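Here is the structure we will look at.
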Amino acid sequence: MATITNFFLADMEERSQADMDELSQANIEELSQADVLDEQLIERNIAPNLSALVGTAVAAKLITSAGGLSSLAKMPACNILNLGVNLAGYIEQTDIIQTTPPPLRKQVCILLATKSLYAARVDSLRGDRTGIFGKYLREEIRIKIEKWQDQV
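When we follow numbering that gives the first Met the number 0, the leftmost residue of the sequence shown carries the number 0, and every step to the right adds one.
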(Lines of atoms letter the chains of each structure in order from A; the text may use other names.)
(Lines give C-alpha, C1' and ligand atoms only; values in the text may rest on other atoms or scores of the structure.)
Protein backbone atom coordinates (compact mmCIF):
# COMPACT_ATOMS: atom_id res chain seq x y z
CA MET A 0 0.00 0.00 0.00
CA ALA A 1 3.03 2.32 0.29
CA THR A 2 3.18 2.63 -3.50
CA ILE A 3 -0.37 3.92 -3.60
CA THR A 4 0.56 6.58 -1.07
CA ASN A 5 3.70 7.47 -3.10
CA PHE A 6 1.57 7.78 -6.22
CA PHE A 7 -0.46 10.57 -4.63
CA LEU A 8 2.47 12.26 -2.89
CA ALA A 9 2.37 15.38 -5.05
CA ASP A 10 -0.52 17.02 -3.23
CA MET A 11 -0.41 15.19 0.11
CA GLU A 12 -0.43 18.42 2.12
CA GLU A 13 -3.89 19.32 0.81
CA ARG A 14 -5.60 16.08 1.81
CA SER A 15 -7.28 15.33 5.07
CA GLN A 16 -6.42 12.28 7.15
CA ALA A 17 -9.68 10.63 6.04
CA ASP A 18 -8.63 10.89 2.40
CA MET A 19 -5.25 9.35 3.21
CA ASP A 20 -6.91 6.45 5.05
CA GLU A 21 -9.23 5.88 2.11
CA LEU A 22 -6.32 5.84 -0.36
CA SER A 23 -4.25 3.47 1.73
CA GLN A 24 -7.13 0.99 1.89
CA ALA A 25 -8.01 1.14 -1.81
CA ASN A 26 -7.05 -2.01 -3.63
CA ILE A 27 -4.61 -1.91 -6.53
CA GLU A 28 -7.11 -3.31 -9.05
CA GLU A 29 -9.34 -0.26 -8.68
CA LEU A 30 -6.42 2.13 -9.07
CA SER A 31 -5.07 0.33 -12.12
CA GLN A 32 -8.18 1.08 -14.14
CA ALA A 33 -7.16 3.63 -16.74
CA ASP A 34 -10.17 5.90 -16.33
CA VAL A 35 -9.71 6.26 -12.58
CA LEU A 36 -6.01 6.96 -12.97
CA ASP A 37 -6.61 9.41 -15.80
CA GLU A 38 -8.98 11.30 -13.53
CA GLN A 39 -6.45 11.32 -10.68
CA LEU A 40 -3.66 12.56 -12.95
CA ILE A 41 -5.78 15.39 -14.32
CA GLU A 42 -7.58 16.44 -11.13
CA ARG A 43 -4.61 16.33 -8.80
CA ASN A 44 -1.96 17.39 -11.32
CA ILE A 45 0.27 14.50 -10.26
CA ALA A 46 2.40 13.98 -13.35
CA PRO A 47 1.74 16.93 -15.68
CA ASN A 48 4.94 16.59 -17.71
CA LEU A 49 4.69 12.84 -18.22
CA SER A 50 1.01 13.25 -19.13
CA ALA A 51 1.83 16.00 -21.63
CA LEU A 52 4.47 13.80 -23.22
CA VAL A 53 2.76 10.40 -23.49
CA GLY A 54 -0.89 11.15 -22.66
CA THR A 55 -2.75 10.60 -19.41
CA ALA A 56 -3.79 7.00 -20.14
CA VAL A 57 -0.26 5.82 -20.88
CA ALA A 58 1.17 7.91 -18.02
CA ALA A 59 -1.27 6.25 -15.60
CA LYS A 60 -0.33 2.79 -16.87
CA LEU A 61 3.40 3.50 -16.61
CA ILE A 62 3.10 4.86 -13.06
CA THR A 63 0.98 1.93 -11.93
CA SER A 64 3.26 -0.68 -13.52
CA ALA A 65 6.36 0.87 -12.00
CA GLY A 66 4.81 1.00 -8.53
CA GLY A 67 4.51 4.76 -8.26
CA LEU A 68 5.92 7.94 -9.75
CA SER A 69 9.07 7.90 -7.62
CA SER A 70 9.78 4.29 -8.65
CA LEU A 71 9.28 5.21 -12.29
CA ALA A 72 11.68 8.13 -11.92
CA LYS A 73 14.38 5.82 -10.52
CA MET A 74 13.95 3.20 -13.23
CA PRO A 75 16.40 2.97 -16.16
CA ALA A 76 14.97 4.04 -19.52
CA CYS A 77 15.52 0.58 -21.01
CA ASN A 78 13.13 -0.87 -18.40
CA ILE A 79 10.45 1.69 -19.21
CA LEU A 80 10.28 0.16 -22.69
CA ASN A 81 9.38 -3.20 -21.14
CA LEU A 82 6.56 -1.95 -18.93
CA GLY A 83 3.31 -3.26 -20.31
CA VAL A 84 1.29 -6.33 -20.99
CA ASN A 85 2.76 -9.26 -22.88
CA LEU A 86 5.31 -8.08 -25.44
CA ALA A 87 3.64 -4.76 -26.23
CA GLY A 88 4.92 -2.01 -23.98
CA TYR A 89 2.85 0.95 -22.88
CA ILE A 90 5.23 3.31 -24.69
CA GLU A 91 4.13 1.73 -27.96
CA GLN A 92 0.53 2.75 -27.23
CA THR A 93 1.28 6.47 -27.41
CA ASP A 94 0.04 8.56 -30.30
CA ILE A 95 3.61 9.56 -31.08
CA ILE A 96 4.56 5.95 -31.82
CA GLN A 97 1.29 5.16 -33.60
CA THR A 98 1.79 8.05 -36.04
CA THR A 99 5.48 7.28 -36.65
CA PRO A 100 6.38 5.38 -39.84
CA PRO A 101 7.17 1.71 -39.08
CA PRO A 102 10.88 1.87 -40.03
CA LEU A 103 11.47 4.54 -37.37
CA ARG A 104 9.33 3.15 -34.55
CA LYS A 105 12.11 1.34 -32.70
CA GLN A 106 14.30 4.46 -32.62
CA VAL A 107 11.39 6.63 -31.54
CA CYS A 108 10.41 4.14 -28.81
CA ILE A 109 13.89 4.36 -27.31
CA LEU A 110 13.87 8.16 -27.55
CA LEU A 111 10.39 8.40 -26.03
CA ALA A 112 11.32 6.09 -23.14
CA THR A 113 14.33 8.28 -22.36
CA LYS A 114 12.31 11.50 -22.53
CA SER A 115 9.57 9.89 -20.42
CA LEU A 116 12.16 9.18 -17.77
CA TYR A 117 13.20 12.86 -17.77
CA ALA A 118 9.56 13.95 -17.45
CA ALA A 119 8.93 11.47 -14.61
CA ARG A 120 11.97 12.76 -12.74
CA VAL A 121 10.81 16.35 -13.03
CA ASP A 122 7.32 15.35 -11.86
CA SER A 123 8.73 13.26 -9.02
CA LEU A 124 10.75 16.22 -7.75
CA ARG A 125 7.71 18.48 -8.15
CA GLY A 126 9.52 20.66 -10.65
CA ASP A 127 7.46 22.19 -13.44
CA ARG A 128 3.80 21.72 -12.42
CA THR A 129 2.44 23.28 -15.62
CA GLY A 130 3.45 20.52 -18.04
CA ILE A 131 5.46 22.89 -20.23
CA PHE A 132 8.58 20.72 -19.89
CA GLY A 133 6.62 17.69 -21.14
CA LYS A 134 5.31 19.69 -24.12
CA TYR A 135 8.86 20.83 -24.86
CA LEU A 136 10.09 17.21 -24.84
CA ARG A 137 7.22 16.20 -27.11
CA GLU A 138 8.17 18.93 -29.58
CA GLU A 139 11.83 17.81 -29.48
CA ILE A 140 10.74 14.29 -30.40
CA ARG A 141 8.56 15.57 -33.24
CA ILE A 142 11.50 17.53 -34.68
CA LYS A 143 13.81 14.48 -34.45
CA ILE A 144 11.22 12.30 -36.21
CA GLU A 145 11.01 14.83 -39.04
CA LYS A 146 14.82 14.85 -39.37
CA TRP A 147 14.94 11.06 -39.43
CA GLN A 148 12.20 10.95 -42.08
CA ASP A 149 14.17 13.33 -44.30
CA GLN A 150 17.21 11.04 -44.03
CA VAL A 151 15.29 7.92 -45.02
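Think of the CB as a built atom: it goes at the ideal place given N, C-alpha and C, for glycine as much as any other residue. From a predicted model like this one, the values you see are computed outputs, not experimental measurements.
Counting C-beta pairs closer than 8 Å gives three or more between the region 46-54 and the region 120-138, which meets the contact rule.
If you draw a straight line from the Cα of Ser64 to the Cα of Ala58, it comes to about 10 Å. Under DSSP, the beta-bridge partners assigned to Gly88 are Gly83. Cβ contact annotation for Leu103 (same chain, cutoff 6 Å, sequence separation greater than five): Trp147, in chain order. The residues Leu110, in chain order, have a CB closer than 7 Å to that of Lys143 in the same chain once the five nearest residues on each side in sequence are set aside. For the pair Gly83 and Phe132, the Cα-to-Cα distance works out to about 25 Å. In the three-state DSSP reduction, Asp94 falls in the helix class (H, G or I). The count of Cβ pairs closer than 8 Å, one atom from the region 70-81 and one from the region 116-123, reaches three, so the stretches are in contact. Membership of Gly66 in any alpha helix (DSSP H) is not indicated, and neither H nor E is assigned to it by DSSP.
In this structure, DSSP gives Gly133 a helical state, which the three-state scheme calls helix.
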